[in-house]
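Q: Here's a structure for you.
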Amino acid sequence: MGYAETGFELEVDLTSGNIEKSATGPRQRDLYLGGDGIAAAILRERVPPEVEPSSRKNLLIFSAGLLAATPVPGASRTCVSSIDPLSSRHVSANFEGFFAPELKHAGYDRIIVRGRSENLVYLLIHDDRVEIRDAAHLQGKSPLETAALIQREQKDSKVQVAAIGPAGENGVAQASIGHANSSASQGVGKIMGDKGLKAIAVRGTRDISIARPAELFALCNPLYGEIYDHPSCGDLFLDERDAAWQTAPLESGRVKGFRESDADWQVRVEREEISYQWENYSQELEEVREIIVEQSELVRGTGCYNCPRDCHRAVTLPGGRRYYLKSYARLASAMAAHDELPLNYEVLFALQEHGLDEAAMVELYAGVEKLIEAGILTGNDLPDYPAEGVGRFLYLVEKVSQRRGIGELLADGIGAAVARIGKGAGKHLPVVNDVQTTDASPAHADDILGICSLLSSARARLDCNPPYHLQNLSRLASLASGQELDSEGLLEICRRNRQLIREMDAERDERKRSKEAR
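Read in order, the letters of the sequence shown are residues 111 to 628 in our numbering.
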């Protein structure tokens, strides 16, 4: 066992039901550290270009960042990596919360999933007890409801769950993997659903060894206070602050503009209540009419594992309904895609219930609206399409999640939709291929170390002197793992990881071109 890691990984074959716990050597950590770095190395080694993304040999890897479960504040990121069925390229998404630290406390640095279950199942991990369980009773449930049901079954509210919703079960390209108030997107929910895996539930009770604990604590204690007091840390979209830093670059091209006020998020309901009271003067019952006002209220703000920020919000709505607003759910860049659609609680709640990614679905909605304006999509394609924005969005959420009607056409992604629709749809829905580069940045350090970008690289874009930067990240990694690193050494590992992914994608692109040419 190495420092800052468990030294073990769990491999699960959903086809055979075989479960293996394997020891890992220090070389992987020295070369790639953790998170999506080691996951990419595993994919490169074990999923050659000739393996199709839809093959049972494709892997889905849940990998904890190196610093997850250590005293480092805000180190809670889980990277979910695979070969994307849509692009046939490497894909890595991530979510924060409690899953990665719990996984390491259970004794594992990562979970490697291969194969495919014919029936819907979930994986239950409690230290050395690992089981593949039937998930028929969880079919159609949202990620949050799935987590609650599993916790109830286990009689343990500390069980941490990553799950897909109906969209993932139906193999929808826009599906996400939800955990607590966070989620991983970019198609990984589809991959999980294609494997017949509804959820992974983890509970751990073990400690993590630290190479130089006294020195690490001496750095982490003031960092905790700095993060708590920092005015620009955490999710600014959940605070009453200026979002122009995110929306200003979008005021061009497809973007019509961004308009949002606090009123978009403040739900207010008025109702009249009638009661009767006895009047001594008249000696009669008199009618009393009273206007009762109910409005949304913040119940609480909570943070991720060992983080002092409260980026996750629980809000009560009129009528007693409670809504959990995910970190970054207000996605200004997504809302800017269509200025006539306020992304209010109703829309976001539907996306969470179905397990759909907010950004992808708003892009999809905006694209459908463009095709309607161009006359490419008509009432025959969209029967009973509502007249107003929110209703239209909810219509598409339901259709896409269930792959019904127009949803069957859109559920495999924009590229597939453009090809099937034809009629010049590509002019209105351009497909942009994401090209990996070898450029290394603090964002890549966040991915391999498990640091929340809202405390690090995302804040660096604001030039706000974030708590985490390459210098102290390299020092924290050294004290936790015992591997001597300076900022240049950390950047070198980031470059190695980026180059690895670039080579893997280049090989897959070349094979795809050769296959199409035959």
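Backbone N, C-alpha and C define an ideal beta-carbon position, used for all residues, glycine too.
Ser198 and Asp467 - do their beta-carbons sit closer together than 7 angstroms?
A: Indexing the sequence shown from 1 puts residue 467 at position 357. Indexing the sequence shown from 1 puts residue 198 at position 88. In this structure, Ser198 does not lie closer than 7 angstroms to Asp467 by Cβ.
Q: If you draw a straight line from the C-alpha of Asp522 to the C-alpha of Arg399, how long is it?
A: Taking the first residue of the sequence shown as position 1, residue 522 is located at position 412. Taking the first residue of the sequence shown as position 1, residue 399 is located at position 289. When rounded, the distance between both Cα atoms is 54 angstroms.
Q: How about the region 514-521 and the region 559-577: do they share at least three Cβ pairs that are nearer than 8 angstroms?
A: no
Q: Looking at the structure shown, is Thr357 part of a helix, part of a strand, or coil, going by DSSP?
A: For the purposes of this step, residue 357 is taken as the residue at position 247 of the sequence shown. Reliability of the predicted coordinates at Thr357 is poor, the pLDDT of 48 falling under 50, and the value obtained from them is presented with this limitation in mind. Helix.
Q: Rounded to whole angstroms, how far is the Cβ of Ala216 from the Cβ of Val312, which I believe are closer than 8 angstroms?
A: Your numbering for residue 216 matches position 106 in the sequence shown. Your numbering for residue 312 matches position 202 in the sequence shown. Their Cβ separation, rounded to whole angstroms, is 5 angstroms, which keeps Ala216 and Val312 in contact under 8 angstroms.
Q: Using a threshold of 7 angstroms, state whether the C-beta atoms of Gly297 and Val201 are closer than that.
A: Walking along the sequence shown from the start, residue 297 turns up at place 187. Walking along the sequence shown from the start, residue 201 turns up at place 91. A contact, by the Cβ cut-off of 7 angstroms.
Q: If you follow the beta strand (DSSP E) that Tyr232 is part of, which residue opens it and which one closes it?
A: As a position in the sequence shown, residue 232 is number 122, starting the count at 1. Val231 to His236 is the span of the beta strand (DSSP E), which, as asked, contains Tyr232.
Q: Does the distance from the CB of Gly413 to the CB of Arg423 come in under 7 angstroms?
A: Taking the first residue of the sequence shown as position 1, residue 413 is located at position 303. Taking the first residue of the sequence shown as position 1, residue 423 is located at position 313. Taking 7 angstroms as the Cβ cut-off, Gly413 and Arg423 do not qualify as a contacting pair.
Q: Once DSSP output is grouped into helix, strand and coil, what is the label at Val271?
A: In the sequence shown, residue 271 corresponds to position 161, counting from 1. Strand.
Q: Between the Cα of Lys265 and the Cα atoms of Leu481, Gly499, His236 and Arg226, which residue gives the shortest distance?
A: Counting from 1 along the sequence shown, the entry for residue 265 is found at position 155. Closest option to Lys265, Cα to Cα, is His236.
Q: Where do the N-terminal and C-terminal ends of the alpha helix (DSSP H) with Asn582 fall, by residue?
A: Taking the first residue of the sequence shown as 1, we reach residue 582 at position 472. Where Asn582 is concerned, the enclosing alpha helix (DSSP H) stretches over Leu580 to Ser591.
Q: At 3 residues or longer, and completely inside the region 184-239: list those beta strand (DSSP E) runs for me, N to C.
A: The qualifying runs are 188-193, 200-205, 220-224 and 231-236.
Q: Just curious, the alpha helix (DSSP H) that Arg139 is in, first and last residue?
A: On the sequence shown, residue 139 is found 29 positions in, with the first residue counted as 1. From DSSP, the alpha helix (DSSP H) with Arg139 extends over Pro136 to Tyr142.
Q: Please classify Gln270 as buried or exposed, where buried requires at least 16 neighbouring CB atoms within 10 angstroms.
A: Numbered from its first residue, the sequence shown carries residue 270 at position 160. Under this definition Gln270 is a buried residue.
Q: Count the C-beta pairs between the region 609-617 and the region 146-164 that are closer than 8 angstroms, then say yes if the count reaches three, no if not.
A: yes
Q: Count Cβ pairs between the region 176-193 and the region 207-216 that sit closer than 8 angstroms; are there 3 or more?
A: yes
Q: Is the region 321-334 touching the region 578-590, taking contact as three or more C-beta pairs under 8 angstroms?
A: Enough Cβ pairs lie closer than 8 angstroms, so yes.
Q: Can you find at least 3 beta carbon pairs, one from the region 498-509 and one from the region 454-466, that sit closer than 8 angstroms?
A: yes
Q: Name, in chain order, the residues that DSSP records as bridge partners for Ala434.
A: Along the sequence shown, read from residue 1 onward, the residue named residue 434 stands at position 324. Position check: residue 434 holds Tyr in this sequence, whereas Ala was assumed. Looking at the DSSP assignment, Tyr434 forms a beta bridge with Ala424.
Q: So Ala90 and Lys305 are supposed to be a Cβ contact under 8 angstroms. How far apart are they, rounded?
A: There is no way to answer for residue 90, as the model of the chain reaches only from 111 to 628.
Q: What are the start and end residues of the alpha helix (DSSP H) that includes Lys55?
A: There is simply no residue 55 to check, as the chain begins at 111 and stops at 628 in what is shown.
Q: Quick one: what does DSSP say Thr547 is sitting in, helix, strand or coil?
A: Taking the first residue of the sequence shown as position 1, residue 547 is located at position 437. Note that Thr547 has pLDDT 43, beneath the 50 cutoff, so the model's placement of it is unreliable and the number below is only indicative. Three-state DSSP puts Thr547 in coil, outside helix and strand.
Q: DSSP has Phe172 in a bridge; who is on the other side?
A: Counted from its first residue, the sequence shown places residue 172 at position 62. DSSP output for Phe172 lists Val190 and Ile221 as bridge partner(s).
Q: Strictly by DSSP, which residues pair up with Ala309?
A: Locating residue 309 in the sequence shown gives position 199, where the first residue counts as 1. Answer is Tyr232 and Ala273.
Q: Taking 7 angstroms as the cut-off, decide whether the C-beta atoms of Ala460 and Leu427 are in contact.
A: Position 350 of the sequence shown, counted from the start, is the residue given in the question as residue 460. Position 317 of the sequence shown, counted from the start, is the residue given in the question as residue 427. No, the pair does not count as a contact, with Cβ atoms beyond the cut-off.
Q: Going by DSSP in three states, Lys167 sits in which element: helix, strand or coil?
A: In the sequence shown, residue 167 corresponds to position 57, counting from 1. Of the three classes helix, strand and coil, the one that applies to Lys167 here is coil, per DSSP.
Q: Provide the residue(s) that pair with Val122 in DSSP beta bridges, ordered along the chain.
A: As a working note, residue 122 is residue 12 in the sequence shown. Paired residue(s): Ile129 and Val223.
Q: Pick from Pro181, Gln581, Asn128 and Arg166: whose alpha carbon is nearest that of Pro323?
A: The count along the sequence shown starts at 1 and reaches residue 323 at position 213. The shortest Cα separation from Pro323 among Pro181, Gln581, Asn128 and Arg166 belongs to Pro181.
Q: How long is the line joining the alpha carbons of Val542 and Glu483, rounded to whole angstroms?
A: Locating residue 542 in the sequence shown gives position 432, where the first residue counts as 1. Locating residue 483 in the sequence shown gives position 373, where the first residue counts as 1. Bear in mind that the predicted position of Val542 carries a pLDDT of just 49, short of 50, making it too unreliable to give a figure here.
Q: Specify, as a first and last residue, the run of the beta strand (DSSP E) that Ala294 falls within.
A: To locate residue 294, count along the sequence shown from 1; it is residue 184. Per DSSP, Ala294 belongs to the beta strand (DSSP E) from Ser292 to Ala294.
Q: Among the residues of its own chain, which have a CB less than 6 angstroms from the CB of Gly344, if the five just before and after it don't count?
A: Indexing the sequence shown from 1 puts residue 344 at position 234. For Gly344, where only same-chain residues beyond five positions count, the Cβ hits under 6 angstroms are Arg419, Cys421 and Leu564.
Q: Considering only the beta carbon of each residue, do Ser624 and Ala321 sit closer than 7 angstroms?
A: Position 514 of the sequence shown, counting from 1, holds the residue named residue 624. Position 211 of the sequence shown, counting from 1, holds the residue named residue 321. Not a contact, by the Cβ cut-off of 7 angstroms.
Q: To the nearest angstrom, report how far apart Leu259 and Tyr455 are at their CA atoms.
A: Numbered from 1 along the sequence shown, position 149 holds the residue referred to as residue 259. Numbered from 1 along the sequence shown, position 345 holds the residue referred to as residue 455. Taking the straight line from one Cα to the other gives about 23 angstroms.
Q: For Ile384, write down the residues that DSSP places opposite it in a beta bridge.
A: As a first step, residue 384 must be located in the sequence shown, where it is residue number 274. According to the DSSP secondary-structure assignment, Ile384 is paired through a beta bridge with Arg399.
Q: For Gly477, collect the residues of the same chain with a Cβ closer than 6 angstroms to its Cβ; drop the 5 residues on either side in sequence, then sort them by chain order.
A: Here the question's residue 477 lines up with position 367 in the sequence shown. Excluding residues within five positions, the ones whose Cβ falls inside 6 angstroms are Leu539.
Q: Throw me the rounded Cβ distance for the Thr116 and Lys268 pair, which I believe falls under 8 angstroms.
A: The residue you call residue 116 lines up with position 6 of the sequence shown. The residue you call residue 268 lines up with position 158 of the sequence shown. About 18 angstroms; that fails the 8 angstroms criterion.
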